[in-house]
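> One structure coming up, written as structure tokens, with questions to follow.
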Amino acid sequence: MITVTGARKDFGTFRALDDVSIEIPSGTLTALLGPSGSGKSTLLRSIAGLESLDAGTVVIAGRDVTRVPPQQRGIGFVFQHYAAFKHMTVRDNVAFGLTIRRRPKAEVRAKVDELLEVVGLEGFQHRYPAQLSGGQRQRMALARALAVDPEVLLLDEPFGALDAKVRADLRRWLRRLHDEVHVTTVLVTHDQEEALDVADTIAVLNRGRIEQIGDPDTLYDAPDNQFVMSFLGSVS
Ligand code: ADP
Ligand code: MG
């Protein structure tokens with residue numbers, strides 16, 4: 077579904093991505109895991125088209141999108157600090173992407189109802205973002221990203237700003253959502269436990285390179301090198 081080949085990204089003299097290649101199969105939930113500054117966001121932003129690569133290619137659903145602008149890549153994006161429209165209700169926030177595409181009202185209503193149910197916000201549709209908890213706001217953000225049926229959902233530390241208990245709840249909830257919707261999802265996190273808990277596949281990044289890609293059990297039980305072992309081993 078997503079194939080990144082030989083990705084390189086420099087910021088001045090600093091190499092943020094150094095010959096990164098990864099294949100992300102359709103319908104999977106893949107975590108990009110690594111310490112702060114390892115290049116996770118840069119890799120995700122490159123897939124999204126928010127960074128342009130200095131070398132390498134990005135192919136999404138068989139189409140080379142390396143030079144294609146973000147809005148034409150068929151992706152939904154959720155950041156850690158999600159910018160909701162404060163003056164719009166939950167319902168209107170979720171509907172936003174459909175409304176600006178001038179989709180028929182009945183279609184929008186049905187789609188939004190479905191998504192609010194999927195993210196467990198049925199009873200909250202007339203509230204405003206300020207009247208939601210942090211966890212509820214991130215669920216609204218996910219519903220909004222999913223509203224336009226993206227081929228790919230990119231999540232950059234979406235739960236990072238929340239406390240541990242809420243994060244754990246959202247994690248389980250993201251896994252359920254993914255099992256239901258099956259959209260190809262890439263989750264950036266520095267939290268080993270989060271990655272081990274929700275991802276089908278984990279790519280471990282360190283200093284702009286991928287150290288190992290594998291399923292959680294393999295990474296945990298058979299790390300390829302010292303870095304992967306100590307990073308995954310530091311689960312609290
Ligand atoms: P992560 O998401 O893993 O914490 P990032 O991909 O955000 O890491 O950043 C990787 C490295 O690239 C960091 O050292 C960061 O300071 C640097 N970097 C990222 N974006 C920029 C930028 N726009 N300009 C300069 N340096 C950047
Ligand atoms: Mg980051």
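For what it's worth, the numbering used here labels the leading residue of the sequence shown as 77, then goes sequentially. Yeah, the Cβ is synthetic: ideal placement off N, Cα and C, and Gly gets one too.
Report the three-state DSSP secondary structure of Lys241 (helix, strand or coil).
If DSSP states are grouped into helix, strand and coil, Lys241 belongs with the helices.
> Please report the distance separating the alpha-carbon of Leu263 from that of Arg251.
The alpha-carbon atoms of Leu263 and Arg251 are separated by roughly 11 Å.
> Measuring from each Cβ to the nearest heavy atom of the ligand ADP, keep the ones under 5 Å and list them in chain order.
Going along the chain, the residues that qualify are Phe87, Ala92, Ser112, Gly113, Ser114, Gly115, Lys116, Ser117, Thr118.
> If the criterion is Cβ atoms closer than 8 Å, does the pair Met216 and Ile136 meet it?
In this structure, Ile136 does not lie closer than 8 Å to Met216 by Cβ.
> Could you tell me which residues DSSP puts in a beta bridge with Ala131?
Partner(s): Arg84.
> If you check the beta carbons only, do Ser117 and Val134 fall under 8 Å apart?
No, the pair does not count as a contact, with Cβ atoms beyond the cut-off.
> Check whether the Cβ of Leu108 lies closer than 8 Å to any Cβ atom in chain B.
Among the protein chains of the structure shown there is no chain B, as only one such chain exists.
> Once you ignore the five residues that flank Ala171 on each side, which residues in its own chain have a CB closer than 6 Å to its CB?
Closer than 6 Å at Cβ, skipping near neighbours: Val184, Val188.
> Distance check for Tyr204 and Thr175, CA to CA, integer angstroms please.
Those two C-alpha atoms are separated by around 18 Å.
> DSSP on Ala275, reduced to helix/strand/coil?
Note: Ala275 maps to coil in three-state DSSP.
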